[in-house]
Amino acid sequence: MSSVVITGIGELVTGDGTGPDRLGIRSQAAVAVEDDMIAWIGAAAEAPACDTVIDVGGRAVIPGFVDSHSHLVFAGDRGAEFAARMTGQPYDGGGIGVTVTATRAASDDELRRLLAARIAELRTLGTTTIEIKSGYGLTVADEVRSLQIARQFSNETTFLGAHVVPPEYAARREAYVDIVTGPMLEAAAPYARWIDVFCEPHSPHAFDADEARHILNAGAAAGLGLRVHGNQLGAGPGVQLAVELGAASVDHCTYLNDADVDVLAAAADTTVATLLPGVEFCTRSPYPDAARLLDAGVSLALATDCNPGTCYSSSMPWVVSLAVREMGLSPAQALLAATAGSAQSLRRTDIGRLVIGNRADLTVLDAPSYLHLAYRPGVPIACALDVAITAQRASARPPAF
Ligand SMILES: [Zn+2]
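My numbering puts the sequence shown at residues 11 to 411.
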């Protein structure tokens, strides 16, 4: 790609750690992009010569959101289950089992089409990096194809064969763990960067601490990085296990005791606490105390957990507004957690901050300031900027956003 300058940026949030709230804000700024990388940042009046100019007309620009927790490869619909939960009616929809059945029955093309539509949706909401888990196949073949399809859209793919014990193994848990740590892991590892486990003793379908440790150790031996679903439904071993094993992220963290907070703070350079407030919203559960975690020195990330059961939303701006309204974060803290924080949870330094040499993953807000993310909840003001396509359009017409 040739050189492009994005100019007319009323407020540029670089997230570079400088200035008030560590947001690194610049006004009347421009960004030069070469080969999908940020080549220069400065005052618009001093922008370098370039092939194409994109003028965003005074809008705010932020680092593209990094959604570090999603379950996007699935088929089927669970709208009725959600409606029943919200209206207090009994509903025996079967939960995850419904999605597993529908996903197994879907063709590769159907799963790819559904995933492509979800990826397009989240880009229009400002997300530029998405982590995608398997976990609705739960057979060797179905887990592998879920990861193969996810890999066509993201390098941040996660093997989650240990999502739940599938019904056919309910009476033979050990046999399923043997498959997950044996042939399923071997076949899935080439298409995954990470392995994840739903470590939750409060659920009979999920995995206890010993099972989770065994699965995570097997994943590490296969060369995968570690992630953990932990402490979602009640106090539990997930956080302690994640820190013990050096996991990059422990996700949910809804129920934490003082010891959990202490170990997370001590491991802040290694293990990120990823909060998923969309799940608490959609399941009417109490929110984790994010401000307490930040005060203790814990590294925080925000993500959607977009999935068909407990949070079918791909909207990171909505997650930011929930974090501010319901979890005690300032708008600046929430934005940092949804960008640099979630990048850290993926052990990435090339995304999540707009600095020279990083990927040119920019999100434009149809607003004068990032404050509007939380100030205007539910309003679609954020959109990922596809620099190459927008530059093509700009060079074909008078420059305009
Ligand atoms: Zn999840």
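Glycine included, each C-beta is placed from N, C-alpha and C at the ideal position. Since we're looking at a predicted model, the values are computed, not measured.
Assuming residue i contacts residue j (C-beta within less than 8 Å), just tell me the rounded distance between them.
i	j	result
Val273	Val253	5 Å
Tyr265	Ala245	5 Å
Leu236	Ala258	6 Å
Ala333	Arg69	Not quite, the Cβ-Cβ distance comes to about 23 Å (not below 8 Å), so this is no contact.
Cys414	Leu251	Because the chain spans 11 through 411 in this model, residue 414 falls outside it and cannot be assessed.
Leu148	Val110	6 Å
Arg133	Ala394	4 Å
Pro247	Ala202	Actually they do not touch by this definition, with Cβ atoms about 24 Å apart.
Arg88	Pro390	Between Pro390 and Arg88 the Cβ distance is about 24 Å, and since that is not below 8 Å, they are no contact.
Leu125	Phe92	Going by Cβ atoms, the distance from Leu125 to Phe92 rounds to 21 Å, so no, they are not a contact pair.
Ile140	Asp77	5 Å
Compare the beta carbon distance of residue i and residue j with 8 Å and say whether it is the shorter of the two.
i	j	result
Ala347	Leu339	yes
His79	Asp360	no
Glu153	Gly171	yes
Gly20	Thr373	no
Val41	Ile72	no
Asp61	Arg369	no
Thr284	Ser355	yes
Ala344	Leu304	no
Val271	Ser309	no
Ile159	Arg122	yes
Ala53	Val15	no
Thr280	Thr320	no
Ala275	Gly233	no
Leu364	Ile48	yes
Gly367	Trp328	no
Gly18	Gly98	no
Leu82	Ile35	no
Cα separation between residue i and residue j?
i	j	result
Glu336	Asp119	39 Å
Ser117	Glu131	21 Å
Ala216	Leu135	32 Å
Val190	Ile225	7 Å
Ala398	Gly86	34 Å
Ala112	Phe84	8 Å
Ala55	Val63	13 Å
Arg223	Leu255	8 Å
Phe179	Val43	Sequence inspection shows Tyr at residue 179; the Phe mentioned does not correspond to that position. One C-alpha to the other measures close to 52 Å.
His239	Asn227	15 Å
Tyr146	Val249	24 Å
Thr314	Ser324	6 Å
Arg386	Ala151	44 Å
Phe169	Ser144	5 Å
Gly307	Ser405	47 Å
Asn165	Val187	26 Å
Ala230	Asp65	46 Å
Asp26	Ala94	45 Å
Thr138	Leu157	19 Å
Pro418	Ser352	Outside the modelled stretch of the chain, which goes from 11 to 411, sits residue 418, for which no answer is possible.
Ala342	Trp50	24 Å
Ala301	Arg128	31 Å
Leu33	Ala181	52 Å
Glu184	Ile106	20 Å
Tyr297	Arg403	44 Å
Trp204	Gly192	16 Å
Leu39	Met326	In the sequence as displayed, the identity of residue 39 is Ala instead of Leu. For Ala39 and Met326, the distance between alpha carbons rounds to 24 Å.
Ala401	Thr167	30 Å
His212	Ala90	25 Å
Asp429	Gly362	The chain is shown from 11 up to 411; residue 429 falls before or after that span and cannot be answered.
Ser13	Ala59	9 Å
Met415	Asp371	Given a span of 11 to 411 for the chain in the structure shown, any question on residue 415 remains unanswerable.
Thr28	Ser37	14 Å
Ser295	Arg161	32 Å
Arg357	Asn241	22 Å
Phe291	Leu243	14 Å
Using 7 Å as the cut-off, classify the Cβ of residue i as near or not near the heavy atoms of ligand 3, replying yes or no.
i	result
Asn317	Among the ligands modelled here, namely ligand 1, ligand 3 does not occur.
- Which runs of the beta strand (DSSP E) fall wholly inside the segment 220-254 and span at least 3 residues, in chain order? 235-240
- Task: Please go through the segment 329-399 and give each complete beta strand (DSSP E) segment of 3 or more residues, from N-terminal end onward.
- Result: Those beta strand (DSSP E) runs which fall completely within the segment 329-399 and span 3+ residues are 372-375, 392-395.
- Task: Give, in chain order, every unbroken run of the beta strand (DSSP E) that is at least 3 residues long and sits entirely within the segment 155-228.
- Result: 167-172, 204-209
- Taking the runs of the beta strand (DSSP E) that are 3 residues or longer, which of them lie wholly in the segment 42-110? Within the segment 42-110, the beta strand (DSSP E) runs of at least 3 residues that lie entirely inside it are, in chain order, 47-53, 62-65, 70-73, 75-77.
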